[in-house]
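Q: Numbering (the numbering used here), first residue to last: 4 to 236.
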Amino acid sequence: MVMSAEKPGSGTSADAAATGGGAAGQAAPDAPTSLRERKKQLTYQAVSEAAISLFLERGFDKVSVAEIAAAADISKPTLFRYFPAKEDLALHRFADHEDESARVVAGRADGESPLDALRRHYLDGLERRDPVTGLCDVPQVLAFHRLLYGTPSLVARLHAYQSRSEAALARALGDRVTDRLAAGQIIAVLRILAMENWRRISEGRSADQVYGAAVEEAERGFAQLRSGLGERR
Numbered sequence: 004m005v006m007s008a009e010k011p012g013s014g015t016s017a018d019a020a021a022t023g024g025g026a027a028g029q030a031a032p033d034a035p036t037s038l039r040e041r042k043k044q045l046t047y048q049a050v051s052e053a054a055i056s057l058f059l060e061r062g063f064d065k066v067s068v069a070e071i072a073a074a075a076d077i078s079k080p081t082l083f084r085y086f087p088a089k090e091d092l093a094l095h096r097f098a099d100h101e102d103e104s105a106r107v108v109a110g111r112a113d114g115e116s117p118l119d120a121l122r123r124h125y126l127d128g129l130e131r132r133d134p135v136t137g138l139c140d141v142p143q144v145l146a147f148h149r150l151l152y153g154t155p156s157l158v159a160r161l162h163a164y165q166s167r168s169e170a171a172l173a174r175a176l177g178d179r180v181t182d183r184l185a186a187g188q189i190i191a192v193l194r195i196l197a198m199e200n201w202r203r204i205s206e207g208r209s210a211d212q213v214y215g216a217a218v219e220e221a222e223r224g225f226a227q228l229r230s231g232l233g234e235r236r
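#1: Anyone know if the C-beta pair for V213 and R223 falls short of 8 angstroms?
#2: Taking T46 as the reference, give the member of E60, S67, L59, T81 with the closest Cα.
#3: Can you tell me which of the three DSSP states R84 falls into?
#4: Can you tell me the Cα-Cα spacing of Q48 and F86, whole angstroms?
#5: Apply the 10 Å Cβ neighbour rule to V50 and answer buried if 16 or more other Cβ atoms are within range, or exposed otherwise.
#6: Go to G224, then tell me how far its alpha helix (DSSP H) extends in each direction, as first and last residue.
#7: Expressed to the nearest angstrom, what Euclidean distance is found between the alpha-carbon atoms of A221 and I195?
#8: According to the Cβ coordinates, are A186 and L172 closer than 8 angstroms?
#9: Would the segment 145–156 and the segment 57–65 be scored as touching if the rule is three or more Cβ pairs under 8 angstroms?
#10: So the candidates are G62, P142, P155; which of them puts its Cα closest to the Cα of S209?
#11: Let me make sure I understand the geometry here. Which of D99, A93, E115 has the alpha-carbon closest to that of V158?
#12: Given a cut-off of 8 angstroms on the beta-carbon distance, is the pair L228 and Q165 in contact?
#13: How many angstroms separate the CA atom of A175 from the CA atom of A112?
#14: Return helix, strand or coil for E199, following the three-state DSSP convention.
#15: Using a threshold of 8 angstroms, state whether the C-beta atoms of L138 and L129 are closer than that.
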């Protein structure tokens, strides 16, 4: 797959392509944030964290929306204005990552290809042990990932999040058919790499122990994207 280093016009920038995560839409990166918007985002976070604490303690299916509303000290109608679905309460943690790949592409340096920018960003995430890469062994993160991947309704909701990530990246690339094909492949590679990292850590290895293999597999994954699947035998 060949990806041009030329940036698309402003109409396909990450600002135009940005989408919200679950119920919590994110402002464009460079847009000023009003006091009202900051308070709104703090409410999103507080309600989501209250819900996640209950989910981790008792299991997603055993916690009612009424209990979450009570724990967050808000009414059920207010909760549903922030989070249309119960699953969104857990997936709010992914909200600011939904258009991350699109933002990386839009903000890349002059002369840097989209794929090189995404590779650089992903490798940096591995080094920082960013939970989104799956290479994080913080107990709270592992508990959240077990909740996420062990709950079928959350896995299904996560697929919708990944579809929106793919669409945002496609728009940042130019939104042609070839761009949509490229975005689909890139998001799939990032998802599989993260799942493999999480699987190894969930089996008892530390992030430091997995890091070397994670970097090697990331390099192979991006090399495969660069050369194109048609060249594989």
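Glycine included, each C-beta is placed from N, C-alpha and C at the ideal position.
Computed from a prediction, not measured in an experiment: that's the story for all the values here.
A: On the basis of the data shown:
#1: Stepping through the sequence shown from its first residue, residue 213 is reached at position 210. Stepping through the sequence shown from its first residue, residue 223 is reached at position 220. With a cutoff of 8 angstroms on beta-carbon distance, V213 and R223 are scored as not near each other.
#2: Working through the sequence shown from its first residue, we reach residue 46 at position 43. The shortest Cα separation from T46 among E60, S67, L59, T81 belongs to T81.
#3: For the purposes of this step, residue 84 is taken as residue 81 along the sequence shown, with counting starting at 1. The answer is helix: DSSP assigns R84 an H, G or I state.
#4: Residue numbering aside, residue 48 sits at position 45 when the sequence shown is read from its first letter. Residue numbering aside, residue 86 sits at position 83 when the sequence shown is read from its first letter. In a straight line, the C-alpha of Q48 is about 11 angstroms away from that of F86.
#5: On the sequence shown, residue 50 is found 47 positions in, with the first residue counted as 1. Classification for V50: buried.
#6: For this step, residue 224 is matched to residue 221 along the sequence shown. Start and end: 210–230.
#7: Here residue 221 refers to the residue found at position 218 when the sequence shown is read from its first residue. Here residue 195 refers to the residue found at position 192 when the sequence shown is read from its first residue. About 10 angstroms.
#8: In the sequence shown, residue 186 corresponds to position 183, counting from 1. In the sequence shown, residue 172 corresponds to position 169, counting from 1. Taking 8 angstroms as the Cβ cut-off, A186 and L172 qualify as a contacting pair.
#9: Output reads yes: the segment 57–65 touches the segment 145–156.
#10: As a first step, residue 209 is located in the sequence shown; it is residue number 206 there, counting from the start. Nearest of G62, P142, P155 to S209, Cα basis: P142.
#11: Within the sequence shown, residue 158 is the residue found at index 155, counting from 1. Measuring from the Cα of V158, the nearest candidate turns out to be A93.
#12: For this step, residue 228 is matched to residue 225 along the sequence shown. For this step, residue 165 is matched to residue 162 along the sequence shown. Result no, Cβ atoms of L228 and Q165 do not sit closer than 8 angstroms.
#13: Numbered from its first residue, the sequence shown carries residue 175 at position 172. Numbered from its first residue, the sequence shown carries residue 112 at position 109. C-alpha separation (whole angstroms): 14 angstroms.
#14: Along the sequence shown, one-based indexing puts residue 199 at 196. Here E199 sits in helix by DSSP.
#15: Indexing the sequence shown from 1 puts residue 138 at position 135. Indexing the sequence shown from 1 puts residue 129 at position 126. L138 is a Cβ neighbour of L129, given a cutoff of 8 angstroms.
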